[in-house]
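In UniProt numbering, the protein residues as written are 1 to 283.
In what follows, a structure is listed as structure tokens, so that the remarks can point back to it.
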């Protein structure tokens with residue numbers, strides 16, 4: 001067995017172990033349940049409103065959009081925060097010393113984040129299917145579309161999360177990423193059809209993965225008649241694949257280079273300096 005195969009197996013094992021630890025952590029479980037409950041309550045308040053020009057519930061339309069936002073959040077925010085934490089506590093420095101250690105580390109993070117994202121999606125989707133009316137979940141095609149949008153969305157966003165995570169040496173600083181993500185969410189048609197926004201905002205929203213993840217999820221879970229309120233009056237599957245695929249390819253090319261550079265710059269003295277600063281803040 002060669003070194004690459006060993007690294008892959010170690011990464012898979014590491015990822016499953018970290019996922020298991022997350023599932024047994026009251027803090028992680030409570031956080032997922034808390035944010036899912038907030039989203040469901042927000043959508044319940046929207047249930048009495050309708051999408052402009054239709055009789056369709058705004059809450060029902062928002063549900064798949066929120067699922068798309070959740071995929072983006074898992075790929076962007078979670079990966080960024082995990083990398084920042086592991087860089088701060090010296091985990092990446094230890095991984096660098098192992099042959100093909102970065103490969104195993106990244107595979108482990110992919111497994112963990114993918115598993116956490118799937119669970120977070122299920123926490124919102126399963127009760128949502130019973131709460132909201134009008135969802136088109138009775139065909140195999142809906143679930144197939146849901147699966148490929150989810151998979152492509154993770155591939156498109158996790159490398160971006162790895163790149164942004166390499167920029168933060170302090171886990172607390174990674175919270176700054178929330179501000180641009182909230183801004184992009186607001187302009188991506190997650191809580192209201194983007195076609196109702198000014199044209200310049202529509203172009204901004206369409207440049208980033210969050211909009212396309214929301215659109216892809218809506219195409220999977222909403223009736224075809226609701227495509228009329230989207231830009232161009234269609235679900236634009238080809239464009240969804242094209243944009244998310246472009247982000248995925250660009251991220252997969254750039255992320256390894258950025259991570260290798262970050263790993264080369266890590267040293268024991270830098271980790272010790274960060275720990276000393278942390279201790280000074282606590283004292």
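Each residue gets a CB set at the ideal place from its N, CA and C atoms; glycine is no exception.
Keep in mind that this is a model prediction, so the values were computed, not measured.
Note down the Cα distance separating residue 7 from residue 194, rounded to an integer number of angstroms.
44 Å
Can you give the beta carbon distance from residue 11 to residue 108, rounded, assuming they're within the 8 Å contact cut?
4 Å
Does the region 155 to 171 come close enough to the region 23 to 38 to have 3 or more Cβ pairs within less than 8 Å?
no
Residue range of the alpha helix (DSSP H) that residue 264 falls in?
237 to 265
Residue range of the unbroken alpha helix (DSSP H) whose run includes residue 194
Segment: none, residue 194 is in no alpha helix (DSSP H) and carries neither H nor E.
Please name the residue, chosen from 80, 97, 90 and 118, that lies closest to residue 336 on a Cα-to-Cα basis.
In the structure as shown, the chain starts at 1 and stops at 283, and residue 336 therefore has no counterpart that could be examined.
To the nearest angstrom, how far is it from the Cα of residue 120 to the Cα of residue 163?
23 Å
Which residue comes first and which comes last in the alpha helix (DSSP H) that contains residue 62?
58 to 73
Pick helix, strand or coil for residue 50, following the three-state DSSP scheme.
strand
Using the rule of at least 16 other Cβ atoms within 10 Å of the residue's Cβ for burial, across every protein chain shown, is residue 145 buried or exposed?
buried
Considering only their Cβ atoms, is the gap separating residue 102 from residue 222 smaller than 9 Å?
no
Going by Cα to Cα distance, which pick from 16, 51, 47 and 15 is closest to residue 225?
51
Could you tell me if residue 123 is buried or exposed, where buried requires 16 or more neighbouring beta carbons within 10 angstroms of its beta carbon?
buried
For residue 159 and residue 72, the rounded distance between their alpha carbons:
11 Å
Take the Cβ of residue 5 as the centre, count every other Cβ of all protein chains shown within 10 Å, and call the residue buried at 16 or more, exposed below.
exposed
Nearest to residue 182 by alpha carbon, out of 200, 211 and 241?
211
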